[in-house]
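> Below is one structure. I have some questions about it.
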Amino acid sequence: ARRVIEAAAVEAAVARIDKASIAALKQLVRDEDGAYARGDRSAGLERSLAFHHRLADLCGNPVLARYARELVLQSSLAIALYERSGVAHARADHAALVDAIARRDGRRAGRLMAAHVDELASRLALDGAATGNLTNAVTDVAIADGASCVHIKSFVDRAGSTHLSTWTTRIGKDDSYRGFQLTASPAL
102 ARRVIEAAAV EAAVARIDKA SIAALKQLVR DEDGAYARGD RSAGLERSLA FHHRLADLCG
162 NPVLARYARE LVLQSSLAIA LYERSGVAHA RADHAALVDA IARRDGRRAG RLMAAHVDEL
222 ASRLALDGAA TGNLTNAVTD VAIADGASCV HIKSFVDRAG STHLSTWTTR IGKDDSYRGF
282 QLTASPAL
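In the working numbering, each number is its position in the sequence shown, counted from 1, plus 101.
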């Protein structure tokens with residue numbers, strides 16, 4: 102779903118983007134590159150989410166933007182949990198995407214976004230064993246999205262499944278409240 106939604110959002114954004122927004126996207130990419138180069142994964146994730154959210158907001162369609170933002174946030178949690186260890190971050194994807202946007206090539210930008218999402222998915226170890234810590238993954242994603250966790254509760258049920266409930270505030274510009282519950286495998 103993210104692949105299709107984000108590709109459509111970026112194509113729409115290219116049709117209406119201005120020079121100041123392109124400059125802001127380029128700065129986000131430079132800041133993200135710098136964070137990862139310093140080994141600051143949390144700051145890199147924050148800039149990456151900001152990049153994807155900015156693109157979603159630029160599409161001019163609030164419904165499409167909301168779906169894109171939600172999908173980016175949810176898949177970022179999956180990446181934090183299931184990304185194979187030692188995988189280098191594909192920061193060049195964002196630079197190439199901004200280049201296509203700056204050239205006003207919506208079709209290329211859409212293809213690059215779809216390929217970027219495919220590449221992200223290819224880095225996941227979806228064989229059942231999470232590679233990250235569930236609590237840290239939720240905290241990283243919540244912090245990166247500018248939200249603040251106000252409640253985290255985890256427990257293991259009788260079947261051995263780990264459950265984590267967390268409520269976060271201020272997700273998105275509209276200050277809406279959103280909560281979510283995750284169920285993880287016993288391997289955590």
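Beta carbons are placed, not taken as given, at the ideal position from N, Cα and C, and that holds for glycine.
1) Need the endpoints of the alpha helix (DSSP H) that residue 135 sits in, please.
2) Taking DSSP as the reference, what is the three-state secondary structure of residue 146?
3) Taking the Cβ atom as the reference point for each residue, do residue 159 and residue 114 lie within a distance shorter than 7 Å?
4) Among the residues of its own chain, which have a CB less than 7 Å from the CB of residue 303, if the five just before and after it don't count?
5) From this set, 103, 117, 164 and 216, which residue's C-alpha is nearest residue 193's C-alpha?
6) Which first and last residues belong to the alpha helix (DSSP H) in which residue 110 is found?
7) Quick one: using the 10 Å Cβ neighbour count with 16 as the cut-off for buried, is residue 140 buried or exposed?
8) Tell me, which residues are paired with residue 184 by DSSP?
9) Tell me whether the region 122 to 140 and the region 167 to 176 touch, counting them as touching only if at least three CB pairs, one residue from each stretch, are closer than 8 Å.
10) With distances taken between CB atoms, is the gap from residue 156 to residue 183 smaller than 7 Å?
On the basis of the supplied data:
1) Segment 120 to 138, the alpha helix (DSSP H) holding residue 135.
2) Assignment of residue 146 by DSSP, reduced to helix, strand and coil, places it in the helix class.
3) Result yes, Cβ atoms of residue 159 and residue 114 sit closer than 7 Å.
4) In the structure as shown, the chain begins at 102 and stops at 289. Residue 303 is therefore absent and cannot be evaluated.
5) From the listed residues 103, 117, 164 and 216, the smallest Cα separation to residue 193 is found for 216.
6) Judged by DSSP secondary structure, residue 110 falls within the alpha helix (DSSP H) whose first and last residues are 103 to 117.
7) Flag for residue 140 reads exposed.
8) Under DSSP, residue 184 takes part in a beta bridge, and its partners are 225.
9) Contact between the region 122 to 140 and the region 167 to 176 is absent: fewer than 3 CB-CB pairs across the two stretches fall below 8 Å.
10) Against a cut-off of 7 Å, the Cβ pair of residue 183 and residue 156 comes out as no contact.
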